[in-house]
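In this note's numbering, the protein residues as written are 22 to 403.
Take a look at the structure below.
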Ligand SMILES: *Cc1c(COP(=O)(O)O)cnc(C)c1O
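As structure tokens, then:
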């Protein structure tokens with residue numbers, strides 16, 4: 022074929038076949054992927070309206086219901102990362118001028134504020150120092166003062182390593198006639214969590230933290246109370262891609278094309294959720310707890326201090342104070358370069374003050390704890 026116009030070679034670049042180091046991902050995510058999930062990802066894609074794929078979507082929904090302990094009909098995997106599912110919760114229930122109360126005690130609380138304000142919410146904040154959690158009393162007072170339509174709060178603050186207790190919040194929110202929206206990104210699959218029992222109306226998560234899958238398909242669930250608010254909106258959500266009234270026509274009975282689902286990501290999250298069900302939630306939560314305690318004990322032996330009070334410490338993500346005189350970034354760099362271990366530094370208020378160590382999903386294993394502790398000891402003493 023003769024090209025009608027000259028083609029420039031200056032766009033050509035030299036590349037090599039991908040050959041990446043075998044990292045052990047012990048930071049705040051992504052975490053390493055279970056081998057069974059990796060092999061599911063490489064299954065050839067079928068069409069997004071193929072009957073076999075539609076059946077698989079139903080399985081993803083049912084497996085998610087188990088992982089989250091919910092009867093919610095509207096439980097799906099959003100096509101996108103955790104932030105997409107996060108945005109989906111707010112986009113669907115927030116109407117302009119709605120008062121949204123956000124409990125901010127870390128980086129992701131701030132993101133909720135930012136997103137809610139983009140949908141025109143009248144955002145009110147309550148705050149806590151990074152590493153602390155709210156008491157039920159404090160939240161009750163704020164509900165009384167602000168009378169919000171939605172209370173949004175992060176269960177597992179990945180930026181601080183603190184776990185917000187959620188028991189009793191659902192009842193409070195019903196008392197004040199407001200919806201309870203919870204970020205469960207770093208808790209799903211690793212920390213006790215009961216959507217229905219705790220009266221959570223909207224929740225989202227991601228695939229690459231507690232579920233041991235690559236990023237790209239993100240759990241989302243919405244209670245009948247939240248669906249009522251969506252149905253009674255004056256105007257449709259300002260976000261077409263994440264509009265649940267459209268998406269449920271694809272995930273529900275009608276199977277109307279909305280967007281092309283990332284087929285292989287759904288294979289991946291299905292296998293990751295099958296692994297959750299096979300292991301059993303109670304066993305999985307216990308495994309995360311046991312390995313986190315092993316890590317905490319080892320850190321104490323190295324004379325390192327955890328930033329969060331043990332009562333609120335997350336098993337999936339531990340923040341460790343960087344000792345005076347130690348270059349935190351240099352330590353992380355050395356762990357990566359010499360031991361292939363990734364950990365992370367702090368964000369925001371905790372920038373430069375802590376390391377963040379994740380033991381999530383497939384990565385929450387004894388051998389990873391031992392590997393990290395011994396590498397950390399060598400690096401700190403070098
Ligand atoms: C990672 C994370 C998110 C965002 O998820 P992405 O997959 O990075 O988009 C939101 N909330 C919390 C608590 C997180 O840890």
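Quick reminder that beta carbons are idealized off the backbone N, C-alpha and C, glycines included.
Residues near residue i by beta carbon distance below 6 Å, same chain, minus five either side
i, result
"residue 325", "341"
"residue 306", "213"
"residue 110", "202, 223 and 225"
"residue 267", "279"
"residue 260", "112"
"residue 96", "82, 85, 86 and 242"
"residue 322", "none"
"residue 383", "53, 55 and 233"
"residue 352", "400"
"residue 428", "Because the chain here runs from 22 to 403, residue 428 falls outside it and cannot be looked at."
Beta-carbon separation (whole angstroms), residue i vs residue j, contact threshold 8 Å
i, j, result
"residue 101", "residue 229", "In fact, because the Cβ distance is near 12 Å, the residues do not count as touching under 8 Å."
"residue 354", "residue 366", "Not quite, the Cβ-Cβ distance comes to about 10 Å (not below 8 Å), so this is no contact."
"residue 204", "residue 167", "In fact, because the Cβ distance is near 19 Å, the residues do not count as touching under 8 Å."
"residue 173", "residue 147", "Not really, about 11 Å apart at Cβ, beyond 8 Å."
"residue 284", "residue 131", "Rounded, the Cβ-Cβ distance is 34 Å, inconsistent with contact."
"residue 239", "residue 103", "5 Å"
"residue 54", "residue 235", "6 Å"
"residue 217", "residue 91", "5 Å"
Residues near residue i in its chain [Cβ-Cβ closer than 7 Å; skip 5 each side]
i, result
"residue 149", "126 and 155"
"residue 129", "175, 178, 179, 180 and 204"
"residue 116", "254 and 255"
"residue 360", "396"
"residue 67", "73, 74 and 284"
Counted within 10 angstroms of its Cβ, other Cβ atoms place residue i as buried (16 or more) or exposed
i, result
"residue 248", "buried"
"residue 244", "buried"
"residue 350", "exposed"
"residue 303", "exposed"
"residue 292", "buried"
"residue 390", "buried"
"residue 299", "exposed"
"residue 41", "exposed"
"residue 36", "exposed"
Own chain residues within Cβ distance below 8 Å of residue i, not counting five before or after
i, result
"residue 312", "336, 380, 385, 386, 387, 389 and 390"
Three-pair Cβ contact test at 8 Å for the stretch 150 to 169 versus the stretch 202 to 213
no
Under 8 Å, with one C-beta from each stretch per pair, do the stretch 41 to 57 and the stretch 219 to 226 reach the 3-pair mark?
no
Can we say the stretch 138 to 146 touches the stretch 182 to 194, given the rule of at least three CB pairs closer than 8 Å?
no
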